[in-house]
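K.L.:
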Amino acid sequence: MKPLNLIAILLFMSGAVWALTRSERSVREIQRGYFGAIGPFLKSGSQTEAYARSFLDEVQHSKVLEAEIATVNREIGRLHIVESRYRELERENTQLRHALDFKKTSSFNVAAAQVIRRQPTTWWQTVEIDVGEERNICSQLAVLSNEGLVGIIDRPAKDRSSVILLTDEACQVSAKVEDSPEVGILSGQRGQFEGAPLLRLKFLSKNAALHSGQRVFTTGRGGIFQANILLGTIVSVEKGAEDSEALVRPAVNFADLGTVFVVLSKEPLKK
Amino acid sequence: MTRYTLITVLLVLASFVVQQFLPALTALHHSRVLLVQLVFLCAAVTVGQPTMLLLAFVCGFLWDAQCSIGAHGGDPEIYSQPVESLRFGYSILLFGAMGFLMQGIQPLFKQGKWYFSALLSGIAILLYLAAEYLIITFVRGNFIFTKATALQMAYTALLTMLFSPLVFWILFRIASWCRHSINPEAAKKRRRHF
Numbered sequence: 000m001k002p003l004n005l006i007a008i009l010l011f012m013s014g015a016v017w018a019l020t021r022s023e024r025s026v027r028e029i030q031r032g033y034f035g036a037i038g039p040f041l042k043s044g045s046q047t048e049a050y051a052r053s054f055l056d057e058v059q060h061s062k063v064l065e066a067e068i069a070t071v072n073r074e075i076g077r078l079h080i081v082e083s084r085y086r087e088l089e090r091e092n093t094q095l096r097h098a099l100d101f102k103k104t105s106s107f108n109v110a111a112a113q114v115i116r117r118q119p120t121t122w123w124q125t126v127e128i129d130v131g132e133e134r135n136i137c138s139q140l141a142v143l144s145n146e147g148l149v150g151i152i153d154r155p156a157k158d159r160s161s162v163i164l165l166t167d168e169a170c171q172v173s174a175k176v177e178d179s180p181e182v183g184i185l186s187g188q189r190g191q192f193e194g195a196p197l198l199r200l201k202f203l204s205k206n207a208a209l210h211s212g213q214r215v216f217t218t219g220r221g222g223i224f225q226a227n228i229l230l231g232t233i234v235s236v237e238k239g240a241e242d243s244e245a246l247v248r249p250a251v252n253f254a255d256l257g258t259v260f261v262v263l264s265k266e267p268l269k270k
Numbered sequence: 000m001t002r003y004t005l006i007t008v009l010l011v012l013a014s015f016v017v018q019q020f021l022p023a024l025t026a027l028h029h030s031r032v033l034l035v036q037l038v039f040l041c042a043a044v045t046v047g048q049p050t051m052l053l054l055a056f057v058c059g060f061l062w063d064a065q066c067s068i069g070a071h072g073g074d075p076e077i078y079s080q081p082v083e084s085l086r087f088g089y090s091i092l093l094f095g096a097m098g099f100l101m102q103g104i105q106p107l108f109k110q111g112k113w114y115f116s117a118l119l120s121g122i123a124i125l126l127y128l129a130a131e132y133l134i135i136t137f138v139r140g141n142f143i144f145t146k147a148t149a150l151q152m153a154y155t156a157l158l159t160m161l162f163s164p165l166v167f168w169i170l171f172r173i174a175s176w177c178r179h180s181i182n183p184e185a186a187k188k189r190r191r192h193f
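Residue numbers (numbering that gives the first Met the number 0), protein chains in the order written: chain L, 0 to 270; chain X, 0 to 193.
1) Please specify which runs of the alpha helix (DSSP H), each continuous and at least 4 residues long, are wholly inside the segment 91-160 of chain X, giving them in chain order.
2) By the three-class DSSP mapping on this structure, what secondary structure does residue 8 of chain L have?
3) Give the residues of chain X in contact with residue 40 of chain L, contact being defined as C-beta atoms less than 7 Å apart.
4) Within 8 Å of any Cβ in chain L, is that where the Cβ of residue 91 of chain X sits?
5) Between residue 169 of chain X and chain L, is there a C-beta pair that is closer than 8 Å?
6) Leaving out five residues on either side along the sequence, give the residues of the same chain with a beta carbon under 7 Å from the beta carbon of residue 244 of chain L.
7) Under 8 Å by Cβ, that's how I've got residue 123 of chain L and residue 66 of chain X pegged, so tell me the actual separation to the nearest angstrom.
8) Do you know how far the Cα of residue 164 of chain X is from the Cα of residue 105 of chain X?
9) Who are the near neighbours of residue 83 of chain X in its chain, counting only those whose CB is closer than 8 Å to its CB and skipping five residues on each side?
10) Can you look up residue 65 of chain X in the DSSP assignment and give me helix, strand or coil?
11) Among the residues of its own chain, which have a CB less than 8 Å from the CB of residue 147 of chain L, if the five just before and after it don't count?
12) Can you tell me which of the three DSSP states residue 70 of chain L falls into?
13) By the criterion of Cβ-Cβ separation under 8 Å, what are the contact partners of residue 52 of chain X in chain L?
14) Quick check: the Cα distance between residue 23 of chain L and residue 69 of chain X, rounded to an integer number of angstroms?
15) Got a sec? Which residues, its chain only, sit under 7 Å from residue 18 of chain L by beta carbon, not counting five neighbours each side?
16) Express the C-alpha separation of residue 110 of chain L and residue 132 of chain X in angstroms, rounding to a whole number.
17) On the three-pair Cβ rule with 8 Å, is the segment 202-220 of chain L touching the segment 170-185 of chain L?
18) Enumerate in chain order the residues of its own chain whose CB-to-CB distance from residue 56 of chain X is below 6 Å, with the five nearest sequence positions on each side excluded.
19) Would you say residue 50 of chain L reaches chain X, if we count a Cβ-Cβ gap shorter than 8 Å as a contact?
20) Output the distance between the C-alpha atoms of residue 103 of chain L and residue 90 of chain L, rounded to the nearest integer angstrom.
21) Within 10 angstroms of the Cβ of residue 101 of chain L, are there 16 or more other Cβ atoms? Answer buried if so, exposed if not.
22) Can you give the Cα-Cα distance for residue 168 of chain L and residue 81 of chain X, rounded to whole angstroms?
23) Measuring alpha carbon to alpha carbon, tell me which of L:127, L:213, L:223, L:121 ends up nearest residue 32 of chain X.
24) Taking the alpha-carbon positions, what's the residue 223 of chain L to residue 73 of chain X distance?
25) Sort out for me which residues DSSP pairs residue 217 of chain L with in a bridge.
26) Within 10 Å of its beta-carbon, does residue 101 of chain X have 16 or more other beta-carbons around it, so buried, or fewer, so exposed?
27) How about residue 66 of chain X: is its C-beta nearer than 8 Å to some C-beta of chain L?
28) Helix, strand or coil for residue 133 of chain L? Go by DSSP, reduced to three states.
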């Protein structure tokens, strides 16, 4: 082997070892630098993409009308979430009206965002949205649509953020089943790329009395997601030797994500 | 030579930007053109080993910077079995391995038989995806290999491979512009022929 090649291999291996031993924080710094560098290209590319899309739509709508529709749609979505939240609070209030220590006043402040694009990764299911640190977005904030939970903020940048979708195996949510004492951990499944992906609700009790059609909500435990956000509906239950698992159809149509909402103000979360 | 190397590095960097706007094809099992990997593989066969390793490091490092996702977080009492993330930097080794694979048939490329390299780029992409999937499985456990996953890998490799002649054409143009021969034996033959 030529000495130059040997030196190159040694340098390459040292570089690889250096990269592999970076801490989570350093990786985030590297990612921040990387996205900062390609940010202008992404921004202009996204703008061109959006412009091309709106140009195609312009056959039927004027630009002004389109902007108005987009604003109204955002507002409707936001109000849907606020309304469902108020209904939940109303129900909670009715249930607890005799409880003297009930003093909680929750706020549910959300920021509307548009899904810009799906990220070019093969195995991870992530999307990018058009709000970032400028709008007080930070990591591990829940992202909703008016149908239910979409995912969690992974990497916020200045004016955009990356969201890990609920269908990704890495996105775990503490979940409960309606009309049942069952709680478990809901996550996506590996290798599901076709059709409507199903989620897996794990760690249910061995004899969980569940049936298809029951809805699954967040428990609010675990310090990330607020309680009572709709996750999906049970499709089937698989009983195991030690515990049971349920397949859940997500409430959100992940193939058609447009406007989403990032929950900014966290109500007190149960630990 | 130096100019060609520099332009190759710039081409790889440009492919990272373009990759951001290449969507997955839902009709073809969510397959996509892996432009970064393709540009690297095609470039790897046209350069020497040190340059190939430099490109592998740049590609792997930036690919992981682009794709790595953070830890889930949350209360460890509730999320007691978090899904493991892959370590930042693993792609550097994968790119390196693919680069060595491509350099294995460099003698054929130097003779002007670039189509063997084009075919091998498809195989290398397939191996890259398979290796990546196996690493994920090894780290997270629970081997799941569905037909959809296999088809996604196969179509991605095939689709990416179809673009390799275009990338080779660009590399040949760059080499000729830099007055650098990337297949010297074929060039000698041509000269003898004329």
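Quick reminder that beta carbons are idealized off the backbone N, C-alpha and C, glycines included.
P.N.:
Reading off the structure:
1) 105-109, 113-139
2) If DSSP states are grouped into helix, strand and coil, residue 8 of chain L belongs with the helices.
3) 16
4) yes
5) Output row for residue 169 of chain X: interface = no.
6) 199, 200, 201, 203, 237
7) 6 Å
8) 16 Å
9) 138, 139
10) helix
11) Excluding sequence neighbours, residue 147 of chain L sits near 228, 229, 230, 231, 249, 250, 251.
12) helix
13) 7, 8, 10, 11
14) 7 Å
15) none
16) Roughly 35 Å separates the two Cα atoms.
17) yes
18) Within its own chain, the residues whose Cβ lies closer than 6 Å to the Cβ of residue 56 of chain X, once the five positions on either side in sequence are excluded, are 91, listed in chain order.
19) no
20) Low confidence applies here, because residue 103 of chain L scores a pLDDT of 49, under 50, leaving its location unreliable; read the following figure in that light. Approximately 14 Å between the Cα atoms of the pair.
21) Note that residue 101 of chain L scores 41 on pLDDT, short of 50, meaning its location in the model is unreliable; the coordinates nonetheless yield the value given after this. Flag for residue 101 of chain L reads exposed.
22) 10 Å
23) L:121
24) 6 Å
25) Residue 217 of chain L is bridged to L:174.
26) buried
27) yes
28) helix
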